[in-house]
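Top to bottom, those sequences are chains A and B.
Residue numbers for the first sequence follow our numbering, so the first one is 1 and each next one is one higher.
Residue numbers for the second sequence follow our numbering, so the first one is 1001 and each next one is one higher.
From the three backbone atoms N, C-alpha and C, an ideal C-beta is built for every residue, glycine too.
These numbers come from a predicted model, not from an experiment.
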Amino acid sequence: MIKYTLRRILLMIPVIIGITFLVHFILMISPGDPAQMIVGPEATLEDIEMKRHELGLDQPQVVQYLKYMWNALHGDFGTSWFQSFNVMTEFSHRLPYTLRLGFLAIIWAVALGIPLGVISAVRHNTIVDYALTVLSLILVSAPAFWIGMMYQVFFSLNLRWLPASGASTWRHYILPALSLGGGVFATNCRTTRTWLLDTLRSDFVRTARAKGNKEVTVVFKHALRNSLLPIITQIGVNFSIIMGGSVITETVYAFPGIGSYLINAVKAKDVPIVMASILVVAVIVGITNLVVDLMYAVVDPRVQLGGK
Amino acid sequence: MRKGREKKMSNTASKKISTSNRKGQMKQVWFRFRKNKLAMIGLVVITILILACLSASLYIPYEKVYTQSIRDAFIPPFSEGHIFGTDQFGRDLFARIMYGGRISLFAGLVTIGIAFVMGIILGGSAGFFGGKTDTIIMRFCDILMSVPGILLSMTIVAALGQGLGKMLIAMSVSLIPRQARTVRAAVLTLRGQEFVEAARCYGTRNSTIIFRHIIPNVMGPLIIGVMSGIGGQILQIASLGFLGIGIAPPTPEWGTIISENQSNILFYPYLGLVPGLFIMVAVLSLNFIGDGLRDALDPKQKN
């Protein structure tokens, strides 16, 4: 298990190098001289040249990339080009917000999605099942930012229950978490339902019933445990979706996390910020996927990690 | 009628399966698809929506998309001449949505089309040739998949600049790896089967084996992947539009329409509600069709 974990972590390194290099490359070949943009339209040629030298833009691209990664390894993500503050400090302020929001979203989506999926499967083809199916279909098919806005209109403006934007108290987290987790909740609910229905029809469940077990035991001990594997896979995918979705949700709710920071940086082509965000997100997603794979072995003893 | 069909079925069954023609298979898929009510509703709704958007110029002049008049700002829905009302510049929301739908639906189809073709090429060669080709292509896919798709698309759009063509590239790039993986997995299982081996023994060229024997057999999972992806693609395009990096504002696109009305939505909710409902209905219909196709193409895997 430890050997497997280590190998997976080592395998993550080339992927992270690959994605950061790719992003760096794309941002650098794009038209427009960043130095020119930073110093403004009235600057002299010397000013531009000085700025370019200061940012290291006069060096070959590969050198720039290597320098950036070397510094990043030492915890220095550089300075924002346009706002001249340290990216690392800004990240340490903002990352906790995004992580808290992401965890809240995933927790409610899993804690409600899986049980409701179970109910949907057990009460197959009843009103409860149909209602849950319709709800999850709506949550999957409507754009997340739109749902977020509708929550704002309904819960903040009409009912005046919850604040519409910001992140100063715990109440500010409710609406963002609700809209960020919506899609994940729906997929969890649907996957659980599909797989559990499939398992409930299998022979060993019939045997478990024939032995005279209570229905609760049959569903939870026999059927659910055997359909957990695809559900856990789903949670791994969810995490990636949540990280991507946080950009949108944070924009809707003016939430001071990484997502809203990144989108502004992307618009301004502030390379240090974009690079740092991609790096952080890639590491988080990579680690989550690893944790999910490790959980396989815990849930299903048949899964042998590290084997050929 | 019914009797005829039964007779036909038994006819095809009596023939050897290997000789059953594609036309019969398509017919069977259509037959199973037609029995799925939700999928049929989805098909009807999306067809109406596409036709309505394409023929928009027949019932509403294109100028109305851009005509501004402050006097007509915020006219509520169901008013005369403005079924869905007007926005802050007095532009007709109905016209903007119908013409915007052209871009949203078209962009969804194109990106998925690009991903479909690239997926076949990349995933197909990875699975078929194996070895180094496989490793290189799959590692590249891993790299592209290491960050959420929307972040990758965002970065590419930021680098290339705004515009429909650039956005289409950015959107497909984040979609290709997933598609390539599906194709590769399907090809891997097919590669070892007897009919491919037999074709090889005949001395068939690689290209013939791929196009005549392998691709027709991976179409099932591919079409399922594509159909269930279009809805997501439309959502992503809308999201990019909302974030302000998709289609540039005066041009209507469903996400952009919501985005440009964001500051007024709290007071005039219909400005967000209506375009959002259009996105939802389109995506919902496409998802229904995708589910229906999955059941029709792969009857073993029933939910």
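Item, Value
"Closest residue to A/PHE91 among A/ASP129, A/SER165, A/LEU279, A/THR126 (Cα-Cα distance)", "A/LEU279"
"Continuous alpha helix (DSSP H) stretch holding B/PHE1140: start and end", "1131-1144"
"Opening and closing residue of the alpha helix (DSSP H) in which A/LYS214 lies", "Taken as a continuous stretch (DSSP letters only), A/LYS214 belongs to no alpha helix (DSSP H), as it is neither H nor E."
"C-beta neighbour in chain A for B/LEU1109, strict 8 angstroms", "no"
"B/SER1079 - partner residues in DSSP beta bridges", "B/HIS1082"
"Partners in chain A for B/VAL1283, counting only beta-carbon separations shorter than 9 angstroms", "VAL140, SER141, ALA142, PRO143"
"B/VAL1187 versus B/ALA1238, B/ALA1039, B/ILE1121, residue with shortest Cα-Cα distance", "B/ILE1121"
"Burial state of A/PRO143, where buried means 16 or more other Cβ atoms lie within 10 Å", "buried"
"Extent of the continuous alpha helix (DSSP H) to which B/ASN1217 belongs", "1215-1243"
"Near the ligand NAP: A/VAL266 beta-carbon under 7 angstroms from a heavy atom", "This structure does not include the ligand NAP; it has no bound ligands of any sort."
"Start-to-end residues for the alpha helix (DSSP H) that takes in B/PHE1288", "1270-1297"
"Residues from the region 1152-1167 of chain B in contact with chain A, defined by Cβ distance under 9 angstroms", "LEU1152, MET1154, THR1155, ILE1156, VAL1157, ALA1158, ALA1159, LEU1160, GLY1161"
"Any chain A beta carbon closer than 8 angstroms to B/ASN1206", "no"
"For B/ASP1092, three-class secondary structure by DSSP", "strand"
"Any C-beta of chain A under 8 angstroms from that of B/VAL1147", "yes"
"CB-CB length for A/LEU197 against A/ALA121, believed under 8 angstroms", "5 angstroms"
"A/MET314 burial status per 10 Å Cβ neighbour count (16 or more: buried)", "Only positions 1 to 308 of chain A appear in this structure, which leaves residue 314 of chain A out of reach."
"Span separating the alpha-carbon of B/LEU1271 from that of B/THR1086", "8 angstroms"
"Residues bridged to A/ASN86 [DSSP beta-bridge criterion]", "A/THR79"
"Where the region 13-42 of chain A meets chain B: residues whose CB sits under 8 angstroms from a CB there", "PRO14, VAL15, ILE16, GLY18, ILE19, LEU22, VAL23, ILE26, LEU27, ILE29, SER30, PRO31"
"Assigned secondary structure, B/ILE1060 (DSSP; H/G/I helix, E/B strand, else coil)", "coil"
"Rounded straight-line distance, which links the Cα of B/LEU1054 to that of B/ASP1134", "42 angstroms"
"Where the alpha helix (DSSP H) containing A/ILE2 begins and where it ends", "2-29"
"Cβ-Cβ separation, A/ILE273 to A/SER80 (assumed contact under 8 angstroms), whole Å", "6 angstroms"
"C-beta neighbour in chain B for A/LYS267, strict 8 angstroms", "yes"
"Cβ of B/ASN1287 within 8 angstroms of any chain A Cβ", "yes"
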